[in-house]
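Trainee: Okay, here's the structure, questions in a sec.
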Amino acid sequence: MDLEEQQNVVGGIRDAIALQDSDRWEVYRRLQDLNIKCWCSSHQPLRVEVESIREVVQVWCMVRLVVGSRSELIARLERCWQIQAD
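Below, the structure written as structure tokens:
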């Protein structure tokens, strides 16, 4: 399976992501910037529709970035630097 085929494997999965209000709106805005289909109403979970594996990873990364603690984000960045240095 080539990269283009892998990116299209998911094909329109919808799910709800429960987040705190301020986090939900921040993730929503970032996903909108990435052109990922999502819907958000007051006091409701963020609803997301992903069309590809790439979009799944982008959603996961945005959620981790917004809800992750400062120490988690620093540790992840340090691991990335170590991988590049090896």
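Going by the working numbering, the sequence shown opens with residue 552, and the numbers climb by one from there.
Ideal placement from N, C-alpha and C gives every residue a C-beta, glycine not left out.
Because the structure is a prediction, the values reported are computed rather than measured.
1) Taking the CB atoms as reference points, tell me whether L585 and V578 lie closer together than 8 Å.
2) Is it buried or exposed, V610, if we count other Cβ atoms within 10 angstroms and call 16 or more buried?
3) Is E606 closer than 8 Å to G563 when the C-beta atoms are compared?
4) Let me check one thing: in DSSP terms, what residues is I587 bridge-paired to?
5) Spatial neighbours of V618 within its chain, please: C-beta separation below 6 Å, excluding the five flanking residues on both sides.
6) DSSP three-state call for L582: helix, strand or coil?
Mentor: The relevant details are as follows:
1) no
2) buried
3) no
4) Partner(s): none; I587 has no beta bridge.
5) D574
6) helix
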